[in-house]
Each structure stands twice: as C-alpha cells, then as structure tokens.
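Notes follow the structure.
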C-alpha cells in the first residue's frame, strides 16, 4: 500500500496555527473602498481613548497612531489577549488625492477617514473642434 506524503502539509498546518495567534493579527485592521469621488478608510480601534488618536499626512505618507491603556489595579489575570500600548500604521497615498481635504471621525470604535479625489484627477469633458463645424463634446470615461 502506498502512502501519499505531502512535504508542504506540515508547513501549512504550522503556519495556520500561527495565523490563529492573536499576537500576529494586525492591531489596526482596516477596510478601504472608493465611494464616488472619494475614498473611505475605516480602521478598527476598539477601546482606544479618542484623545490619543493622531492622524498626520506628510509627503504622501498617512500615519495613524492611537493608544490603548491596560487595566490597572490589583487582581490576577486569567486571560489577557487584548493588546495594549501605542499602535501605529502608515500608508503611502497615491497621486490624484486631495490630501489637504482629508476628514476624520471616530465613532463606535471605528476611525473613519474620507479622502477626496483631487479635481485634476476627476474625469472632465473636453471640447473637440472639427474643421469649420461646431465643437463636439466628448465625455471622458470614469
């Protein structure tokens, strides 16, 4: 009887168990999507003091920092899975965004940033002249 041996099966099992470890999970999971003429970035920050949230944009790099403090006082920990401390995440933003018009709000543990598309990057109509005829408008595809 032949036995099928997959040398990668054990590695998949090992990496799968590591992926379930909460210490390897990103401390600031996010969603990013486009909605019309702006992008929406939603970052999960449950348990963070809103006063510690800092959002900065410098040279096309968006930096988000927040701090979650741990429980102080006496007592014996039975399970401690929620990370504490300062968390930071940086994103490099592409061209065509209005970086000076980014807005942010924090509600229900979610930081939401709205990043508008710049006017130069939006589709626009260009008039095309054809000989002695009237100009014809051509719409740019969005």
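Residue numbers (the numbering used here): 39 to 180.
For every residue, glycine included, the Cβ atom is placed at its ideal position computed from N, Cα and C.
Figure out for me which residue from the options has the closest Cα to the Cα of residue i.
{"i": "residue 75", "options": "157, 67 and 103", "result": "157"}
{"i": "residue 151", "options": "87, 91 and 85", "result": "91"}
{"i": "residue 78", "options": "139, 161 and 117", "result": "139"}
{"i": "residue 71", "options": "121, 153 and 114", "result": "153"}
So, at 8 Å on beta carbons, what are the nonlocal neighbours of residue i in its own chain, with the 5 sequence-adjacent residues on each side left out?
{"i": "residue 134", "result": "155, 156, 158 and 159"}
{"i": "residue 147", "result": "82, 83, 84, 85 and 86"}
In the structure shown, what three-state DSSP assignment does residue i receive?
{"i": "residue 97", "result": "coil"}
{"i": "residue 137", "result": "helix"}
{"i": "residue 169", "result": "coil"}
Taking 6 Å as the limit between beta carbons, can you name the residues of its chain near residue i, skipping five residues before and five after?
{"i": "residue 100", "result": "129 and 131"}
{"i": "residue 127", "result": "66 and 102"}
Leaving aside the five residues before and after residue i along the sequence, list all residues of the same chain whose C-beta is less than 7 Å from its C-beta, in chain order.
{"i": "residue 124", "result": "103 and 105"}
{"i": "residue 144", "result": "88 and 91"}
Under the assumption that residue i contacts residue j (Cβ atoms under 8 Å), give the Cβ distance between them as a whole number of angstroms.
{"i": "residue 95", "j": "residue 137", "result": "5 Å"}
Exercise for the section: Starting from the N-terminal side, write out each stretch of the beta strand (DSSP E) that is 3 residues or longer and does not extend beyond the region 100-157. Expected result: 123-130, 141-145 and 148-154
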